[in-house]
Amino acid sequence: MAVKDRVPMKEQDPKERRKNFNEVALGYTEEEAIAEASRCIQCPKPTCVAGCPVHVRIPEFIKAITKREFEEAYKIIKSTNSLPAVCGRVCPQEEQCEKNCVLNKIGKPIAIGRLERFVADYALQNNIEEEVKPEKKNKKVAIIGGGPAGLTCAGDLLKMGYDVTIFEALHALGGVLTYGIPEFRLPKRIVEAEIERLKKLGAKVETNVVVGRTVTIDQLMEEEGFEAVFVGTGAGLPKLMDIPGKNLNGVYSANEFLTRINLMKAYKFPEYDTPIVVGKRVAVIGGGNVAMDAARSALRLDGVEEVTVVYRRSKEEMPARAEEIEHAIEEGIKFEFLANPIRINGTEDGWVKSMDVIRMELGEPDSSGRRRPIEIPGSEFTIEVDTVIMALGTSPNNLIPSTTKDIEIQKWGGIIADETGKTSKPGVFAGGDAVTGAATVILAMGAGKQAAKAIDEYLRNKK
Amino acid sequence: MYKIVRREVLNPVVKLMDIEAPRVAKSAKPGQFVIIRIYDKGERIPLTIADYDPEKGTVTIVFQEVGKSTKLLGTLNEGDYILDFVGPLGNTMEVPKDAKKILGVGGGVGIPALYPKLKMLHQEGYKVEAILGGRSEEYVIFKKEMEAVCDKVHYATDDGTLGKKGFVTDVLKEVLENDKEVDYVITVGPVIMMKNVCKMTKEYNIPTIVSMNPLMVDGTGMCGACRIEVGGETKFVCMDGPIFDGHLVNFDLAMTRLNMFKKQEKVSLELYEQHHGGDHHGR
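The following block contains the structure:
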C-alpha cells in the first residue's frame, strides 16, 4: 500500500528568511529522497511523463533513486532535460507531472520536482558530468537569447554535434533565470553551473550582442555563415498600468525591480554599484509568479516594513503557483484582493505618496475562463505607499521581427512559428515566450527542445 | 572584454576614450548610444556614441566624471579593458529632408553627442551651424571637430572666456532673430538646457529634436527605467528614442526621474572616494 503523505522538504523559517536572500527550500537529504522515491508505485503505463513538456523519464529516475543510484538517476533525467536543477525548483509540477500522478487518488502525488532537484543538486555537488562525444557536424547554428528556450535548444544541438553560438543581449546568460527569478527561489550559482556545463559541451557565447541592433539575423546568415537560427528572445517588454502617476519616482516595472536585484545585485548595494530605492510601504500590483517574486524580494530589502499585493480578482483566480502564494503569506506579505489601482498620488517633488484603489467584484467569466473583475462604483479608497511595483505581464520585443526580412508576427507581436518552431523565414526557428507570449520556463524549454529537433532535420535535408 | 585603445583628457572633468568593439563600430549610426559596465560589480551606464570607425573597429565615448562609475572609468588607461560594452542601442536620427539650414545647440558632454549627427548632415550636404556652450572655454569640448563639420560655430560661456558671455539660449535668440534661414534645430546637453532651447524654438516655430539621456538598466526595452513622457504618452528612451520631438517632451518629469537614485549615488561616490582618496582630475 502506497504511503499517502509526502516526505516534507525542510525550509528556512519564515521569520528568518524574510530578511535574507538565501534559498527558502533546503532540499531533501539522501534518506529523505529515497523515502519519497519509494512511494512511487512504478505504474506500468506512467501518466506523469505525458505531463512533462520535455518528457523526463520520471518513473525510471525515481526507481534509480530508490536503489541509491543517484548518478544513474541524473543521467536518465539529463537525457531529456538539460536544466534539471532549475526545473526541480521552478517548474509548476502541480499542473504538470504531479497533476497526473495516480497517487492523487489516495493522497499526495509523488514530489517529482523535489526529487528532480535532489538528483540535480547531487550531480552538481559531486561533479557528475554526462559523457557526450558527438561527431562534429561542422554546421553553425546561432541561438538568439540565452534564456531557458535558447539554452535548451543549444544543449540539444551541441549533443548532436553542431557548432553552436549563443548571442545574448545582457552581460550574463540565463534570461529570466538570471534577471527575473530571485536568488531565494533559484540560487544564481545553480544557473551559472548549468551554463558552465553548456560551455564544456562546446557552446560559444557572445554576450552584449543585441540582435537587431548590434547585428541582424540576415547578417548572421549571409555574412557569418550561420545555416540556421533559433530565436528565443522571450517576452521582455513590461506592461505598465496606464493610470495617472505611473511615472512618479518610486514606481517600478517588476522587470526593473527584479533586474536591479537579481542581475545587478542591488540588494548588496553599495558593495555592488547598482542602487535600488524602496520606502517603508510597498505595493505590488498583479497576481502572478512575478508579482510574488517582486513582493517577497521587496520584503527582504532594508527599511521595508510592509508589502501589500494588490490584485483585481480574488485569491482563487491568482495565476501564481499555490506554493509561492503560501510562501508569501508565511513571510507576512499582505493581500488586497478584488482591488484595482486607479491613480498613484505624488509628493510635490515627484515621489509616490499613496495610491487610490477601487473595489472590484467578479462578473461573468472572460476569454481566459476566469471571472471578469468589475469596478464597484463609489468604492474608492486610498492606501499609503512609498513604492509601487507593477507586475502586470510582459510582451515580446519587436526588435527582431522589425529588423529581419520575412519573419511574420502575430498582431500582438509574437513570432509566428509552427509546433516544431519553424517560422516563415527559411532556416529561422523560434520558441518560448517570443512565440507564445509570457509563459513558463519549462514550456520555453520544451519549445527549445522541439526546435533543436527541427533544426537538425532542416540541416540534414538542406541541399 | 573591450580594450581602451585611446584615452584623452578633454578638460578637468571630461575624458574621451576609443574602445575596441568591432561589432558596435560596424553597426553604429548617428544618434545611437552604448551601455557599459566597467567591472563585475559595476552598474550599467548609458553613454552616447561620439564617433565610430568601422575600419578600425573602434567606438568613441566621451564622459563627464560625476559619479563613482564615471570616475572609475576615468582612472583606466590605454591598454586597460572594460568588462561590458553593448550597442549600438536606440534608434538612428532621421534626416530632416526639407530642412534648409540646421542649427545644432550643444552643452557639456552633449557636444560630442551632437557631433556625429551634425557630421552626417554636413556630409549629406546640408548647411549646418552650431552653438556650443559651457562654463568657460576649457569646458567647451570638441571645438575643432565641430568646426570641421559646421559652416559656422557660435560660442557661449558663463564667464565670457569664449564667445558670448551667457547661455547658449542667449546666442540662440540672436541667431534666430538674424538668420531666418535656420529651419531645424537639434539640441543635446543638460536637460535644463534642452528645455530652454525647446521653449525658445517653439516661440519661433522651428522644429527641434532632442537626445535624451535618462537612467537605464538593460537598454533593450526590458525594464522601463528610462521612461519619459512625450506628448502625454509614456515612451522608453532606449527603444523609442533617444531622439524625440523636443516640443513634446516633458522635461520637468525627465529631470525629476534623473534624481531617483541621487542619495544612493552620493553614498556610492563617497565610499569610492574614501577608498581611493586623492583626485584623478586631469590625469
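So the protein sequences, as listed, match chains A and B. Residue 1 is where the first sequence starts when you use our numbering, and the numbers rise one by one after that. Residue 1001 is where the second sequence starts when you use our numbering, and the numbers rise one by one after that. Positions of the beta carbon are idealized from the N, C-alpha and C atoms, including for glycine.
Please state whether DSSP places residue i in a helix, a strand or coil.
{"i": "TYR1115/B", "result": "helix"}
{"i": "TYR162/A", "result": "coil"}
{"i": "TYR179/A", "result": "helix"}
{"i": "PHE118/A", "result": "helix"}
{"i": "SER82/A", "result": "coil"}
{"i": "ASP1252/B", "result": "helix"}
{"i": "LYS15/A", "result": "helix"}
{"i": "HIS327/A", "result": "helix"}
{"i": "VAL435/A", "result": "helix"}
{"i": "PRO8/A", "result": "coil"}
{"i": "PRO1207/B", "result": "coil"}
{"i": "GLU408/A", "result": "coil"}
{"i": "ASN340/A", "result": "strand"}
{"i": "ARG281/A", "result": "strand"}
{"i": "ASN249/A", "result": "strand"}
{"i": "LEU392/A", "result": "coil"}
{"i": "MET445/A", "result": "helix"}
{"i": "LYS453/A", "result": "helix"}
{"i": "LEU362/A", "result": "strand"}
{"i": "SER1069/B", "result": "helix"}
{"i": "PHE226/A", "result": "strand"}
{"i": "ARG1257/B", "result": "helix"}
{"i": "LEU186/A", "result": "coil"}
{"i": "ILE217/A", "result": "helix"}
Under the assumption that residue i contacts residue j (Cβ atoms under 8 Å), give the Cβ distance between them as a whole number of angstroms.
{"i": "GLN1264/B", "j": "PRO275/A", "result": "3 Å"}
{"i": "ILE442/A", "j": "PRO53/A", "result": "5 Å"}
{"i": "THR404/A", "j": "LYS422/A", "result": "About 15 Å; that fails the 8 Å criterion."}
{"i": "PRO1096/B", "j": "ILE1141/B", "result": "Actually they are not in contact, since the Cβ atoms of PRO1096/B and ILE1141/B sit about 25 Å apart, beyond 8 Å."}
{"i": "ALA298/A", "j": "VAL290/A", "result": "Between VAL290/A and ALA298/A the Cβ distance is about 12 Å, and since that is not below 8 Å, they are no contact."}
{"i": "GLY1231/B", "j": "LEU1248/B", "result": "4 Å"}
{"i": "GLU1203/B", "j": "LYS1100/B", "result": "With a Cβ gap of about 19 Å, GLU1203/B and LYS1100/B do not count as contacting."}
{"i": "ARG300/A", "j": "TYR272/A", "result": "No, ARG300/A and TYR272/A are not in contact; Cβ-Cβ is about 15 Å, not under 8 Å."}
{"i": "ARG225/A", "j": "LYS140/A", "result": "Inspection of the sequence shows that residue 225/A is occupied by Gly rather than by Arg. That belief holds up - the Cβ atoms of GLY225/A and LYS140/A are roughly 5 Å apart, short of 8 Å."}
{"i": "LEU1089/B", "j": "VAL102/A", "result": "Not quite, the Cβ-Cβ distance comes to about 53 Å (not below 8 Å), so this is no contact."}
{"i": "VAL1237/B", "j": "CYS1226/B", "result": "4 Å"}
{"i": "GLY1106/B", "j": "VAL1128/B", "result": "Not confirmed; about 12 Å, so no contact."}
Under the criterion of a Cβ to heavy atom distance below 8 Å, does residue i qualify as lining the ligand NAP?
{"i": "GLU305/A", "result": "In the structure shown, the ligand NAP is absent, as is every other ligand, since no ligand is present at all."}
Note down, in chain order, each residue of its chain lying with its Cβ closer than 7 Å to the Cβ of residue i, except the 5 sequence neighbours on either side.
{"i": "GLU23/A", "result": "PHE184, PRO187"}
{"i": "PRO92/A", "result": "ARG321, THR440"}
{"i": "GLY1282/B", "result": "Here the model assigns GLY1282/B a pLDDT of 42, short of 50, so the residue's position is not dependable, and the following value carries that caveat. Within the same chain, GLY1282/B has close Cβ partners VAL1009, PRO1012."}
{"i": "ILE128/A", "result": "GLU71, TYR74"}
Please work out which residues of its chain come closer than 6 Å, Cβ to Cβ, to residue i, disregarding the five sequence neighbours upstream and downstream, and give them in chain order.
{"i": "ALA120/A", "result": "PRO84, ALA85, GLY88"}
{"i": "MET1093/B", "result": "PRO1030, GLY1031, LYS1117, ILE1243"}
{"i": "LEU252/A", "result": "What sits at residue 252/A in the sequence shown is Tyr, not Leu. ILE389."}
{"i": "TYR179/A", "result": "THR259, ASN262, LEU263"}
{"i": "LEU1271/B", "result": "none"}
{"i": "ARG312/A", "result": "ASN340, MET360, PRO373"}
{"i": "TYR1126/B", "result": "ILE1102"}
{"i": "LYS1003/B", "result": "GLU1020, TYR1081"}
{"i": "LYS334/A", "result": "THR308"}
{"i": "LEU220/A", "result": "ALA142, PHE226"}
{"i": "VAL3/A", "result": "ARG39"}
{"i": "GLY1110/B", "result": "VAL1188, GLY1189"}
{"i": "GLY202/A", "result": "LEU158"}
Given residue i, which residues of its chain have a CB within under 8 Å of its CB, disregarding the five upstream and five downstream residues?
{"i": "GLN450/A", "result": "GLU419, THR420, GLY421, GLY431"}
{"i": "ARG1044/B", "result": "ILE1035, ILE1036, ARG1037, ASP1084, MET1216, VAL1217, ASP1218, GLY1219"}
{"i": "LEU124/A", "result": "ALA85, ILE190, ALA193"}
{"i": "ILE376/A", "result": "ILE358, ARG359, MET360, GLU361"}
{"i": "LEU26/A", "result": "MET9, LYS10, GLU11, GLN12"}
{"i": "VAL352/A", "result": "GLY245, LEU248, ASN249, GLY250, VAL251, GLY279, ILE344, ASN345, GLY346, VAL385, ASP386, THR387, VAL388"}
Step through the CB atoms of chain C and report whether any lies within less than 9 Å of the CB of residue i.
{"i": "ASP163/A", "result": "No chain C is present in this structure, whose protein chains are A and B."}
Could you tell me whether the region 179-199 of chain A touches the region 1060-1069 of chain B, where touching means 3 or more Cβ pairs closer than 8 Å? no
Counting only runs of 3+ residues fully inside the region 1007-1062 of chain B, write out the beta strand (DSSP E) ranges in chain order. 1014-1020, 1033-1037, 1045-1053
Counting Cβ pairs closer than 8 Å, one from the region 359-379 of chain A and one from the region 334-351 of chain A, do we hit at least three? yes
When you compare the region 1152-1160 of chain B with the region 1067-1079 of chain B, are there three or more beta-carbon pairs, one atom per stretch, that lie closer than 8 Å? Between the region 1152-1160 of chain B and the region 1067-1079 of chain B, the count of C-beta pairs closer than 8 Å stays below three; the two stretches do not touch.
On the three-pair Cβ rule with 8 Å, is the region 6-20 of chain A touching the region 59-73 of chain A? no
Return the chain-ordered ranges of every alpha helix (DSSP H) run that is complete within the region 1208-1240 of chain B and spans a minimum of 4 residues. 1237-1240
Are the region 1044-1055 of chain B and the region 1002-1009 of chain B in contact at 8 Å, needing three or more beta carbon pairs? Not touching, per the Cβ criterion.
Of all the beta strand (DSSP E) runs that stay within the bounds of the region 31-95 of chain A, which reach a length of 3 or more residues? none
Three CB pairs or more closer than 8 Å across the region 208-219 of chain A and the region 150-161 of chain A: no
At least 3 beta-carbon pairs within less than 8 Å: the region 108-116 of chain A vs the region 59-68 of chain A: Touching, per the Cβ criterion.
In chain order, which continuous runs of the beta strand (DSSP E) of length 3 or greater are located wholly inside the region 1137-1178 of chain B? 1152-1157
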